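As structure tokens, the structure follows; a few thoughts come after it.
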């Protein structure tokens with residue numbers, strides 16, 4: 215009874231406008247890379263139709279490049295780990 | 215045929231040891247916050263049993279505190295956006 219068209223309507227508008235921004239695309243790309251990294255196929259099979267994230271995802275290497283992350287040859291962690299590691303301390307004191 | 219016990223066995227060991235680290239917990243927390251932020255209930259209903267992330271998730275406020283992010287009163291973006299914004303430039307030159 216559910217058609218492929220219905221699945222697309224699952225994507226909510228707030229999310230759509232978020233993933234249309236550069237940062238939104240990076241964020242959903244990082245989540246997608248995490249799901250792929252750990253082989254979470256069940257989650258991926260729901261995440262993709264619910265978010266449309268699969269359509270704009272260009273793979274880990276391209277994401278790392280765009281985030282300016284020097285990736286390892288045999289990565290042991292999802293890229294999100296590198297992003298957290300590279301986080302500057304809070305701006306509370308510096309601003 | 216599938217019992218609740220079987221669902222727990224979906225969680226793979228690589229992911230388990232990752233989410234047992236502080237950084238792994240932060241990463242899966244950020245993903246969970248993203249899914250909640252956009253109300254992606256279908257993905258959440260698969261993500262939680264597949265990753266066990268729900269059990270250690272303490273909510274956005276607690277995650278922001280742990281990541282040293284000054285959160286807004288009415289957040290317009292998932293926390294992951296703040297983490298990406300706070301990313302330092304690549305360490306290519308400093309290493």
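Protein chains in written order, with the working numbering: chain A, 215 to 309; chain B, 215 to 309.
A virtual CB, placed ideally from N, CA and C, is assigned to each residue, including glycine.
Nothing here was measured: the structure is a model prediction, and the numbers come from that model.
With 8 Å as the threshold, decide whether the Cβ of residue 294 of chain B is near any Cβ in chain A.
Chain A contact via Cβ: present.
Is there a Cβ of chain A sitting closer than 8 Å to that of residue 226 of chain B, yes or no?
Chain A contact via Cβ: present.
Contact belief for residue 229 of chain A with residue 294 of chain A at Cβ below 8 Å, rounded distance in angstroms:
With a Cβ gap of about 18 Å, residue 229 of chain A and residue 294 of chain A do not count as contacting.
Beta-carbon of residue 280 of chain B versus every beta-carbon of chain A: anything under 8 Å?
At a cut-off of 8 Å, the C-beta of residue 280 of chain B has no neighbouring C-beta in chain A.
8 Å is my cut-off, CB to CB: does residue 288 of chain A come that close to chain B?
By this cut-off, residue 288 of chain A is not an interface position.
Does the pairing of the region 278-292 of chain A with the region 273-288 of chain B give three or more beta-carbon distances under 8 Å?
Pairwise C-beta distances place the region 278-292 of chain A out of contact with the region 273-288 of chain B, as fewer than three of them are shorter than 8 Å.
Where residue 256 of chain B meets chain A, residues with beta-carbon distance less than 9 Å
Ordered by position in chain A, the residues that pass the 9 Å Cβ test against residue 256 of chain B are 224, 260, 261, 263, 264.
List the residues of chain A that residue 300 of chain B touches, going by C-beta distances under 7 Å, in chain order.
Ordered by position in chain A, the residues that pass the 7 Å Cβ test against residue 300 of chain B are 301, 302.
Straight-line CA distance for residue 274 of chain B to residue 247 of chain B?
Taking the straight line joining both Cα atoms gives about 6 Å.
State yes or no: is the C-beta of residue 260 of chain B within less than 8 Å of the C-beta of residue 278 of chain A?
Residue 278 of chain A is positioned such that its CB atom lies no closer than 8 Å to that of residue 260 of chain B.
My output table needs one value for residue 302 of chain A: the three-state DSSP class, helix, strand or coil.
Residue 302 of chain A falls in the coil class under three-state DSSP.
Contacts that residue 240 of chain B makes with chain A (C-beta to C-beta distance below 8 Å):
Near residue 240 of chain B (Cβ distances below 8 Å), the residues of chain A are 298.
Distance, residue 253 of chain B Cα to residue 290 of chain B Cα
If I take the Cα positions, the gap works out to 13 Å.
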